[in-house]
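Written below as structure tokens is the structure these notes are about.
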Amino acid sequence: REIKLWGLAYLRFWIVRTLMAVNPLQLFTGSPIYPLYLRMLGAKIGKGVTIFSAAVPVATDLITIGAGTVIRRGSSLSGYHATNGKLQLGRVTLGRNVFIGGTSTLDINTSMGDGAQLGHSSALHTGQHVPAGQRWHGVPAEPTTTNYQTVAPIKLSTLRRFLFGLAHLLLGAIVVPIISAVVVTVLLAIPLVSGYFDPAQLQLTGARFYLSMAAISAIVLLGFTLLGLLGMVTLPRLLQPMLRPGRTYRLYGLRYVVSRLITSLSNSQFFTVIFGDSSLAVGYARALGYKLGEVEQTGSNFGTETAHDSALLTSVGRGTMLSDGLSIMNTDYSNSSFTMSRIAIGERNFMGNNIALPAGAKIGANVLLGTKVMVPIDGPVRENVGLLGSPPFEIPRSVARDAQFDHLKTPQELPRRLRKKLRHNLGSMITFLLLRWVQFAALVALMTVAAHFYALWGHASVAVSFVAVLVLNLLLAAFGERVVLGFRRLRPRFVSIYEPYFWRHERLWKVLATVPFNGTPFKAMGW
1 REIKLWGLAY
11 LRFWIVRTLM
21 AVNPLQLFTG
31 SPIYPLYLRM
41 LGAKIGKGVT
51 IFSAAVPVAT
61 DLITIGAGTV
71 IRRGSSLSGY
81 HATNGKLQLG
91 RVTLGRNVFI
101 GGTSTLDINT
111 SMGDGAQLGH
121 SSALHTGQHV
131 PAGQRWHGVP
141 AEPTTTNYQT
151 VAPIKLSTLR
161 RFLFGLAHLL
171 LGAIVVPIIS
181 AVVVTVLLAI
191 PLVSGYFDPA
201 QLQLTGARFY
211 LSMAAISAIV
221 LLGFTLLGLL
231 GMVTLPRLLQ
241 PMLRPGRTYR
251 LYGLRYVVSR
261 LITSLSNSQF
271 FTVIFGDSSL
281 AVGYARALGY
291 KLGEVEQTGS
301 NFGTETAHDS
311 ALLTSVGRGT
321 MLSDGLSIMN
331 TDYSNSSFTM
341 SRIAIGERNF
351 MGNNIALPAG
361 AKIGANVLLG
371 TKVMVPIDGP
381 VRENVGLLGS
391 PPFEIPRSVA
401 RDAQFDHLKT
411 PQELPRRLRK
421 KLRHNLGSMI
431 TFLLLRWVQF
441 AALVALMTVA
451 AHFYALWGHA
461 SVAVSFVAVL
471 VLNLLLAAFG
481 ERVVLGFRRL
491 RPRFVSIYEP
501 YFWRHERLWK
511 VLATVPFNGT
521 PFKAMGW
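Under our numbering, the letters of the sequence shown match residues 1 to 527, in that order.
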């Protein structure tokens, strides 16, 4: 059917979509609980389906997934799309034992037969069908001989799936709330803290309250930042020896839990934004476990959105630059097994934005990978060439334009520029942390006020505080952007990464506002 925007039918659709997006069960990707959750919402899902993507399908009644199917991280099959002021809903039908690669998309009215495969960084456009047993890749997808199902399945009992799902559900529904309640109880036992929730003691008009909120938020933010960084550096190193690279393990066992912990504990958007696009990114990557060897410092070796399955199994060659959105996929899956592999990125490579890099990538030295390129996993090893598109085609590794700033790379000039860039980047990091501190302090203050008035207004105080947090965060983030830009507008320019104009852009990227209200007219107002 079609749903016109901004009508009552759309409002109902939007409410359902929003409730699904904030449902904690969406965090259970990679668990047997997640297919069960989608089945309860109306999707027709067979036995032994494994879904690693957090892109929750909304039109679940139109989604059919056959038994034994695997859907990798970052892939999407929502069952709807927007066009010309309306939503169009359509079916997505997958047969048995289908494989969907990472960061791929299936549009409405698409289907795949039993045993079919869709490669990573690929898309099925409206009306496309992959026949049973065939392998397709590209945008739009087309037939290929490449085998993307690289991990052999292992016999897996239903009891194992059930016990793992039950343990996962109990952990999320019982253990975490109990721990949270204990922490809150302990904090409220401290007179200084409990006084802020006592209507008789709390003075909202005095400077003491706001100074205390600023101090408490700074201590908490700094404490969690240091503890988080320490945990990221140490815990994955303790866990990684339990997994042997290249060995196949069953899903839903101890080693599967370890692999998921390694991935979750070593990835942080907060820290990649802090350290990315600066010389300190190299030290941060080394601390996580990346094997870098002799580094050729560029001041922008790593972007601000790099992710990986295991930093300890990843090496990066000298002179290589990784842009934003790189996803290093060390782990491959079947519907019953997984394998973690080493990934070596060669020397003098340039990786553009939003690239999914699979294990076994046929990429050698001095390769330029364009934005969203599909990285090949078969054929000869590509070297001294550029790749673009999905499936990839060759382009020149460099053009005349790239040599315009070579005078800034001389042994005399480059170290001086790197020092100036680092100083500016340190200022950007401080700006980012200050803005996050102000936002967190505002959150703490508003929640404290809501708790203070809860006895008088009940749930209304909580509702008002949530709306206030949304609006205030947007205003603070917008103000932060304006300040970083010096209250001036941007203009298109072609400059070196060693010039102050580019450094100001790097600072802007660290404080870019995330506008809420998806799917409403308020989104455009926020922009």
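Backbone N, C-alpha and C fix where the C-beta goes; we use that ideal spot for every residue, glycine too.
- Secondary structure at Y249: strand, using DSSP grouped into helix, strand and coil.
- Look at L94 here: in three-state DSSP terms it is strand.
- Sequence-distant partners of L265 (beyond 5 residues in either direction) whose C-beta falls short of 7 Å from its own C-beta, in its chain, are G231, M232, L235, P236.
- Residue pairing by DSSP puts P358 in a beta bridge opposite M329.
- Across the structure, H407 and I497 are spaced so that their CA atoms are roughly 13 Å apart.
- A straight line joining the alpha-carbon of R419 with that of F494 spans about 22 Å.
- Under the three-state reduction of DSSP output, K510 falls in the helix class.
- With fewer than 16 other Cβ atoms inside 10 Å of its own Cβ, F224 counts as exposed.
- Listed in chain order, the non-local C-beta contacts of L62 below 7 Å within the same chain comprise G79, L89, G90, R91, V92, local neighbours out to five positions each way being set aside.
- Distance from the CA atom of M112 to the CA atom of S121, rounded to whole angstroms, is 17 Å.
- When DSSP assignments are scanned along the stretch 209-283, the uninterrupted stretches of alpha helix (DSSP H) that are 4 or more residues long and fall wholly within it turn out to be 254-265, 269-275.
- Nearest in C-alpha terms to L312, of all of S323, L322, G303, I328, is I328.
- Looking only at M40, L238, D332, V16, the smallest Cα-Cα distance to G119 is reached by D332.
- Your pair V70 and T50 checks out as a contact, with CB atoms roughly 5 Å apart and the cut at 8 Å.
- Cβ-Cβ separation between E2 and L106: approximately 19 Å, too far for a contact (criterion under 8 Å).
- Per DSSP, reduced to three states, the secondary structure at A344 is strand.
- In the structure shown, F494 falls within a coil segment according to DSSP collapsed to helix, strand and coil.
- With contacts defined by Cβ atoms closer than 8 Å, L388 and V373 form a contacting pair.
- For the pair S428 and R348, the CB atoms are not nearer than the 8 Å cut-off.
- Measuring C-alpha to C-alpha distances from A132 to each of N147, A116, T145 identifies A116 as the nearest.
- In this chain, the beta strand (DSSP E) harbouring L388 covers 385-388.
- Within the same chain, Cβ atoms closer than 6 Å to the Cβ of T263 are found at D309, the five residues on either side in sequence being excluded.
- In this structure, the alpha-carbon of L239 lies about 31 Å from that of N97.
- Judged by their CB atoms, W503 and H452 are not nearer to each other than the 8 Å cut-off.
- For A82, the uninterrupted beta strand (DSSP E) segment begins and ends at 80-83.
- F271 sits close to Y284, with the two beta carbons spaced by under 8 Å.
- In the three-state reduction of the DSSP assignment, S180 falls in the helix class.
- Within the stretch 95-141, the runs of beta strand (DSSP E) that reach at least 3 residues and sit entirely inside it are, in chain order, 110-112, 135-137.
- Rounded to whole angstroms, the gap between the alpha carbons of G386 and A181 is 54 Å.
- When the Cα atoms are used, K362 and M351 turn out to be separated by approximately 14 Å.
- Per DSSP, reduced to three states, the secondary structure at E499 is coil, with no helix or strand assignment.
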